[in-house]
Amino acid sequence: MARLRAGEAEAFEDLVTRYQHRVFGVALRMLGNQAEAEEIAQEVFLRVHQSVAGFRGDSKLSTWLYAIASRLCLNRLATAERRMGRRGEETLGRLGATGDGPAGDLERSEVEAALSRAIAELPEDRRIVVVLRDLEGLSYEEIARALGLELGTVRSRLHRARMDLKDKLERFFP
Amino acid sequence: MTCHDAREQFSALLDEALGDPERAAVERHLEGCAECRRELGRFQHTVALLHRLAPARAPLGFVDRVLEAARPTPWHQRLGRRLLGPLRVRIPLGAAALLLVAGAAVYVFQKTPELQQAARQEAPVAPPLEARRAPPPPVAPSPAVPTTPAPPTPEAAPVPAPPAPEPPAAEKTPADRVQDKVGAATAPPSAHEESRLGKKGESMEAAPPRAEQPAASGAAMEPESARKERKDAPRQSLAARAPAAVQAAPEIVGRLAVADRAEALRALAELAAKLGASEVSRRAEADESIVELWLPREAYPALVEGLGRIGRWTVEREPAPLPARLRISIRFTG
Chain D
15 MARLRAGEAE
25 AFEDLVTRYQ
35 HRVFGVALRM
45 LGNQAEAEEI
55 AQEVFLRVHQ
65 SVAGFRGDSK
75 LSTWLYAIAS
85 RLCLNRLATA
95 ERRMGRRGEE
105 TLGRLGATGD
115 GPAGDLERSE
125 VEAALSRAIA
135 ELPEDRRIVV
145 VLRDLEGLSY
155 EEIARALGLE
165 LGTVRSRLHR
175 ARMDLKDKLE
185 RFFP
Chain Z
460 MTCHDAREQF
470 SALLDEALGD
480 PERAAVERHL
490 EGCAECRREL
500 GRFQHTVALL
510 HRLAPARAPL
520 GFVDRVLEAA
530 RPTPWHQRLG
540 RRLLGPLRVR
550 IPLGAAALLL
560 VAGAAVYVFQ
570 KTPELQQAAR
580 QEAPVAPPLE
590 ARRAPPPPVA
600 PSPAVPTTPA
610 PPTPEAAPVP
620 APPAPEPPAA
630 EKTPADRVQD
640 KVGAATAPPS
650 AHEESRLGKK
660 GESMEAAPPR
670 AEQPAASGAA
680 MEPESARKER
690 KDAPRQSLAA
700 RAPAAVQAAP
710 EIVGRLAVAD
720 RAEALRALAE
730 LAAKLGASEV
740 SRRAEADESI
750 VELWLPREAY
760 PALVEGLGRI
770 GRWTVEREPA
780 PLPARLRISI
790 RFTG
């Protein structure tokens, strides 16, 4: 962290190499579009690069990265263009069906494809919580810190998101 | 605890986020409720599927692209971008502005014959040979300072030295020789120069003066009021700098006795425009008004005829062979 704050290029490269897949994964799950996800992920690291000297360190570096990524994704989803087109969610739904490209490994079965579509159909505020918790493995506290939410709100949204997913996957259960 | 209450705790139960009393309460309910156990099973299955989803992988080359984008830009490139901006925007904008200004300047110049006339007057004009040999006119400065340029006042600065007897070639200063060349290139040739220039001089004579062409054609088409209005304003400035603008003695000097001088001056302006003449100067001296014109030789008879209609025209000086382009001084009396 000290090397990163000192502006060492190698430290920044290490950071990008270490977190690239996680940050990109959050963006891809939230936006559902490969190109947009890469754009947002790149923007996350550029912001870290610009402001790492001011990072107080009162949360984990990973939490800070997720916080930036989440905010950028939610901002992007809130833009008028996204609201009109809803292209990301449509693309994410197709990802589950086709399984091609880098996201192809995500969907190896019909159940997983259905799950991906169900995640894409979740409301954005629930989707980001379930992505951070069940796909990225953050704790409730880390999610609350990253999203600036109360712990109870995180717990509630996560529960609603999981219940939504369960309902949509009902036909696959015995 | 109801089924609804128990199911609300499923997430926290799976994530081990419940306190001991709450957990115990949920477990007690599950022991006695098969439906909630079944529901919990489905819920667990869903979360397990979520955990099994393969993580996404960033595309190849992602790290390199991020590092490239994060590389600091050298200070001179940042400065250049800030000063110049995107060239694809600045170049067309600059070119458009340049064309606009140039177009506006040409338009104004073409639509204002007085400007053309003033520009021609400010260029050095070689006096006709006859004028140099003739005694200096009343308005000409003293020949005591024949080659000294006028003081650089704002009005007289662009005007070359006043006419003076031509010094012998050997006595000419380099400045005189340069002025002669410039004058020969810009002023219409005198009769003497015409004969010296031969065919070249004829071709120059054939070309009408630039300032007179639009005035002659425009006079026939535009209404008199507009023409008068347009001519009146610049005439003031021409009259104001008349002493400095007089560069050659008039070939023809005459007196026009009129009853109403203001009316006669207006009539002369119309006549001059009709004949393609350009007014050189206009000034008032004592009880007289003096107007000087440039006029093509061919139009001189018509001018004399027109002057006869305006008043009583008396010629005081007129060279025997008329040069191709005449400078005429008309003194209004009465």
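Protein chains in written order, with our numbering: chain D, 15 to 188; chain Z, 460 to 793. Glycine residues also receive a C-beta, built at the ideal position from the N, C-alpha and C atoms.
### Task
With DSSP as the reference, label Val739 (chain Z) as helix, strand or coil.
Mapped onto the second sequence, residue 739 (chain Z) falls at position 280. Correct three-state label for Val739 (chain Z): strand.
### Query
Taking DSSP as the reference, what is the three-state secondary structure of Arg70 (chain D)?
As a position in the first sequence, residue 70 (chain D) is number 56, starting the count at 1. Three-state DSSP puts Arg70 (chain D) in coil, outside helix and strand.
### Query
So what's Arg784 (chain Z) in DSSP terms, helix, strand or just coil?
Within the second sequence, the letter at position 325 stands for residue 784 (chain Z). The answer is strand: DSSP assigns Arg784 (chain Z) an E or B state.
### Task
With DSSP collapsed to three states, give me the class of Leu715 (chain Z).
If you number the second sequence from 1, residue 715 (chain Z) lands on position 256. Reduced to three states, the DSSP call for Leu715 (chain Z) is strand.
### Leu519 (chain Z) versus Arg32 (chain D) - alpha carbon distance
What you label residue 519 (chain Z) is simply residue 60 of the second sequence in a count that begins at 1. What you label residue 32 (chain D) is simply residue 18 of the first sequence in a count that begins at 1. Computed Cα separation, rounded: 14 Å.
#### Entry: Bounding residues of the beta strand (DSSP E) (the contiguous stretch that carries Arg530 (chain Z))
Indexing the second sequence from 1 puts residue 530 (chain Z) at position 71. Where Arg530 (chain Z) is concerned, there is no enclosing beta strand (DSSP E), given that its DSSP letter is neither H nor E.
### Task
Use the C-beta contact count for Glu796 (chain Z): other C-beta atoms within 10 angstroms, 16 or more gives buried, fewer gives exposed.
The structure shown has nothing for residue 796 (chain Z), since chain Z only spans 460 to 793.
### Query
When DSSP labels each residue in this structure, what does Leu656 (chain Z) get in the three-state scheme?
As a working note, residue 656 (chain Z) is residue 197 in the second sequence. Below a pLDDT of 50, predicted positions are generally treated as unreliable, and Leu656 (chain Z), at 39, falls in that range; no measurement from the model is reported.
### Query
Are the C-beta atoms of Phe521 (chain Z) and some chain D residue less than 8 Å apart?
Position 62 of the second sequence holds residue 521 (chain Z). For Phe521 (chain Z), the answer is yes, since a Cβ of chain D falls inside 8 Å of its Cβ.
### Task
Compile a chain-ordered list of the residues in the stretch 151–174 of chain D whose CB is closer than 7 Å to at least one CB of chain Z.
Of all residues in the stretch 151–174 of chain D, those with a C-beta nearer than 7 Å to a C-beta of chain Z are Tyr154, Arg169, Leu172, His173, reading in chain order.
### Per-residue contacts from Thr31 (chain D) into chain Z (C-beta, under 8 Å)
Residue 31 (chain D) sits at position 17 when you count from the first residue of the first sequence. Correct list: Val522.
#### Entry: Cut-off 6 Å between Cβ atoms - residues of its own chain near Ala484 (chain Z), not counting five sequence neighbours on either side
The residue you call residue 484 (chain Z) lines up with position 25 of the second sequence. Only Met460 meet the Cβ criterion.
### Query
Counting only beta-carbon atoms, is Ala556 (chain Z) nearer than 8 Å to chain D?
Counting from 1 along the second sequence, the entry for residue 556 (chain Z) is found at position 97. Using a Cβ-Cβ cut-off of 8 Å, Ala556 (chain Z) does not count as an interface residue toward chain D, since no Cβ of chain D sits closer than that to its own.
### Query
Can we say the stretch 126–141 of chain D touches the stretch 477–495 of chain Z, given the rule of at least three CB pairs closer than 8 Å?
Flag = no, the stretch 126–141 of chain D and the stretch 477–495 of chain Z do not touch.
### Task
Helix, strand or coil for Pro778 (chain Z), going by three-state DSSP, please let me know.
The count along the second sequence starts at 1 and reaches residue 778 (chain Z) at position 319. Of the three classes helix, strand and coil, the one that applies to Pro778 (chain Z) here is coil, per DSSP.
### Query
Just by C-beta distance, which residues in the stretch 496–528 of chain Z are closer than 7 Å to chain D?
Answer set for the stretch 496–528 of chain Z: Arg501, Phe502, His504, Thr505, Val506, Leu508, Leu509, His510, Leu512, Ala513, Pro514, Ala515, Arg516, Ala517, Pro518, Phe521, Val522, Arg524, Val525, Leu526, Ala528.
#### Entry: Reference Val522 (chain Z); option with closest CA among D:Ser153, D:Leu172, D:Phe38
As a position in the second sequence, residue 522 (chain Z) is number 63, starting the count at 1. Considering only alpha carbons, the answer is D:Phe38.
### Query
Any idea if Ser5 (chain D) is buried or exposed, counting beta-carbon neighbours within 10 angstroms, 16 or more meaning buried?
There is simply no residue 5 (chain D) to check, as chain D begins at 15 and stops at 188 in what is shown.
### Other residues of its chain near Arg771 (chain Z): CB distance less than 6 Å, five sequence neighbours each side excluded
Residue numbering aside, residue 771 (chain Z) sits at position 312 when the second sequence is read from its first letter. Excluding residues within five positions, the ones whose Cβ falls inside 6 Å are Ala716.
#### Entry: Supposed close pair Val30 (chain D), Phe69 (chain D) - CB separation, criterion 8 Å
Sequence index remark: in the first sequence, residue 30 (chain D) carries index 16 (1-based). Sequence index remark: in the first sequence, residue 69 (chain D) carries index 55 (1-based). So it is not a contact: roughly 15 Å between Cβ atoms.
### Query
Name the chain Z residues whose beta carbon is nearer than 7 Å to that of Arg176 (chain D)?
Position 162 of the first sequence, counted from the first residue, corresponds to residue 176 (chain D). Going along chain Z in sequence order, the residues near Arg176 (chain D) (Cβ under 7 Å) are Ser470, Phe502, Thr505, Val506.
### Query
The alpha helix (DSSP H) spanning Leu163 (chain D) covers which residue range?
In the first sequence, counting from the first residue as 1, residue 163 (chain D) sits at position 149. Here Leu163 (chain D) belongs to no alpha helix (DSSP H), and DSSP marks it neither H nor E.
### Task
Can you give me the start and stop residues for the alpha helix (DSSP H) that Pro755 (chain Z) sits inside?
Taking the first residue of the second sequence as 1, we reach residue 755 (chain Z) at position 296. Counting along the chain, Pro755 (chain Z) falls outside any alpha helix (DSSP H), though it belongs to the beta strand (DSSP E) covering 747–755.
#### Entry: According to DSSP, residues forming a beta bridge with Phe791 (chain Z)
By 1-based counting over the second sequence, the position of residue 791 (chain Z) is 332. Phe791 (chain Z) is bridged by DSSP to Z:Leu715, Z:Ser748.
#### Entry: Local conformation of Ala603 (chain Z) per DSSP, three classes
Within the second sequence, numbered from 1, the residue matching residue 603 (chain Z) stands at position 144. Its pLDDT being 41, under 50, Ala603 (chain Z) is placed unreliably in this model, and the value from its coordinates should be taken loosely. Ala603 (chain Z) carries a coil assignment under DSSP once its states are collapsed to helix, strand and coil.
#### Entry: Arg771 (chain Z) in three-state terms, based on DSSP
Counting from one through the second sequence, the residue named residue 771 (chain Z) turns up at place 312. In the structure shown, Arg771 (chain Z) sits in a strand (DSSP, three-state: E or B).
### Query
At a Cβ cut of 9 Å, what residues of the stretch 474–492 of chain Z count as close to chain D, listed as they run along the chain?
Of all residues in the stretch 474–492 of chain Z, Asp474, Ala476 have a Cβ within less than 9 Å of some Cβ in chain D.
### Message
Can you tell me where the alpha helix (DSSP H) holding Asn47 (chain D) begins and where it ends?
### Response
The sequence position of residue 47 (chain D) within the first sequence is 33, counting from 1. Premise fails: Asn47 (chain D) is in no alpha helix (DSSP H) and is neither H nor E.
### Distance between beta carbons of Leu179 (chain D) and Ile142 (chain D), contact taken as under 8 Å
Stepping through the first sequence from its first residue, residue 142 (chain D) is reached at position 128. Stepping through the first sequence from its first residue, residue 179 (chain D) is reached at position 165. About 14 Å separates the beta carbon of Ile142 (chain D) from that of Leu179 (chain D), a gap too long to meet the 8 Å contact definition.
### Message
Counting only C-beta atoms, is Glu124 (chain D) closer than 8 Å to chain Z at any point?
### Response
As a first step, residue 124 (chain D) is located in the first sequence; it is residue number 110 there, counting from the start. No, no contact with chain Z.
### Query
In the structure shown, what three-state DSSP assignment does Ser84 (chain D) receive?
Here residue 84 (chain D) corresponds to residue number 70 of the first sequence, with the count starting at 1. DSSP places Ser84 (chain D) in helix when its eight states are reduced to three.
### Query
Since Asp474 (chain Z) is in the alpha helix (DSSP H), which residue starts that stretch and which ends it?
Locating residue 474 (chain Z) in the second sequence gives position 15, counting from the first residue. It is not in any alpha helix (DSSP H) - Asp474 (chain Z) carries neither H nor E in the DSSP assignment.
### Query
Buried or exposed: where does Phe469 (chain Z) fall if 16 or more other Cβ atoms within 10 Å of its Cβ makes it buried?
Position 10 of the second sequence, counting from 1, holds the residue named residue 469 (chain Z). Classification for Phe469 (chain Z): buried.
### Task
Please report how far the alpha carbon of Arg169 (chain D) lies from the alpha carbon of Gly553 (chain Z), in whole angstroms.
Mapped onto the first sequence, residue 169 (chain D) falls at position 155. Mapped onto the second sequence, residue 553 (chain Z) falls at position 94. Across the structure, Arg169 (chain D) and Gly553 (chain Z) are spaced so that their CA atoms are roughly 60 Å apart.
### Glu842 (chain Z): contacting residues in chain D (beta-carbon distance under 8 Å)
Any answer about residue 842 (chain Z) is impossible in this case: the structure gives chain Z only from 460 up to 793.
### Task
May I have the straight-line CA-CA distance separating Pro709 (chain Z) from Arg786 (chain Z), to the nearest angstrom?
For the purposes of this step, residue 709 (chain Z) is identified with residue 250 of the second sequence, where counting begins at 1. For the purposes of this step, residue 786 (chain Z) is identified with residue 327 of the second sequence, where counting begins at 1. Straight-line spacing of the CA atoms in Pro709 (chain Z) and Arg786 (chain Z) works out to 5 Å.
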